[in-house]
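Trainee: Can you read through this structure? Questions will come right after.
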Amino acid sequence: MSFASLGLSPALVRAIDERGYRVPTPIQSQALPPALRGGDVLGCAQTGSGKTAAFVLPILQQIQNSRRDRPRRLQALILVPTRELAAQVGEEIVSLAKYLPQRVKVAVVFGGVSINPQMMNMRGGADIMVATPGRLLDLIDHNAVKLDAVSLLVLDEADRLLDLGFGEELNRLLALLPARRQ
Ligand code: AMP
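For the sequence shown, my numbering assigns the number 124 to the initial residue and increments by one for each residue that follows.
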């Protein structure tokens, strides 16, 4: 199986190629087809197996095809347990979105640093957000983020999110998201 045969756009295939990904990894070849069809996916794979691209590519493919509102409304939310993972996922998104015809704005937010720059950065809106749960709730409490247009949700390293005690925050966030979502 090749990336192009999965129906990914030429802009995405070009970025994949530039990153040096020649063929999909097992988690990618299993997760990409159902995710690209709009289905829910539960995936389990080790770090380094390519799981990030397995959820980033379907998000970028869908966002590129969607109507673009002004100001931008948040369409995709990726919840992660740590700031390191948030930064890594953010970098992968920016790199894979490089050749999309319309610029995709990615916001990466996490706790342990000042909230003010993150609030300023959200003023023009964002298309995709990568967030740790506690800081996202803070931003929502400050009216800096709205989740009512989110149609794509990822719980990255869901087991670690729960191990680190984010269960209550996750429940609060899930209650704020539209019920119809992938
Ligand atoms: P993960 O942390 O599971 O997302 O794995 C990320 C690592 O896998 C990074 O080093 C990527 O550059 C690499 N990677 C992702 N997809 C592929 C692919 N199809 N072929 C080769 N390496 C890949």
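Just so you know, even glycine gets a beta-carbon here, dropped at the ideal spot from N, CA and C. This structure is a prediction, so every number in the text was calculated from the model and none was measured.
#1: Kindly give me the distance between the Cβ atoms of Leu296 and Pro256, rounded to whole angstroms, as I take these residues to be in contact under 8 angstroms.
#2: Look up Val277 in the DSSP assignment and give the residues it is bridged to.
#3: Assuming the contact rule is C-beta atoms closer than 8 angstroms, Val253 and Val227 should be a hit. Round their C-beta distance to whole Å, please.
#4: Just how far apart, CA to CA, sit Gln225 and Leu270?
#5: With a threshold of 7 angstroms on Cβ separation, who are the neighbours of Pro181 within its own chain once the five nearest residues in sequence on each side are excluded?
#6: Taking only three categories from DSSP, how would you classify Ala249?
#7: Looking at ligand 1, does it come within less than 7 angstroms of Tyr144, judged from the CB to the closest heavy atom?
#8: For Pro319, count the other beta carbons within 10 Å of its own beta carbon; 16 or more makes it buried, fewer makes it exposed. Which is it?
#9: Leaving out five residues before and five after Pro301 in sequence, what residues of the same chain have Cβ atoms less than 6 angstroms from its Cβ?
#10: On the three-pair Cβ rule with 8 angstroms, is the region 134–151 touching the region 159–176?
Mentor: If we stick to the structure as given:
#1: For the purposes of this step, residue 296 is taken as the residue at position 173 of the sequence shown. For the purposes of this step, residue 256 is taken as the residue at position 133 of the sequence shown. Leu296 to Pro256, Cβ: 6 angstroms. Contact.
#2: As a position in the sequence shown, residue 277 is number 154, starting the count at 1. Answer is Ile201.
#3: For the purposes of this step, residue 253 is identified with residue 130 of the sequence shown, where counting begins at 1. For the purposes of this step, residue 227 is identified with residue 104 of the sequence shown, where counting begins at 1. Contact doesn't hold; Cβ gap of about 12 angstroms is too wide.
#4: Position 102 of the sequence shown, counted from the start, is the residue given in the question as residue 225. Position 147 of the sequence shown, counted from the start, is the residue given in the question as residue 270. Rounded to the nearest angstrom, the two C-alpha atoms are 22 angstroms apart.
#5: Numbered from 1 along the sequence shown, position 58 holds the residue referred to as residue 181. Only Leu155, Ala158 and Leu159 meet the Cβ criterion.
#6: By 1-based counting over the sequence shown, the position of residue 249 is 126. Of the three classes helix, strand and coil, the one that applies to Ala249 here is coil, per DSSP.
#7: Residue numbering aside, residue 144 sits at position 21 when the sequence shown is read from its first letter. Correct: Tyr144 has its Cβ closer than 7 angstroms to ligand 1.
#8: Because residue 319 is not part of the residues shown, which for the chain are 124 to 305, the question remains open.
#9: Walking along the sequence shown from the start, residue 301 turns up at place 178. Cβ within range, chain order: n/a, list empty.
#10: yes
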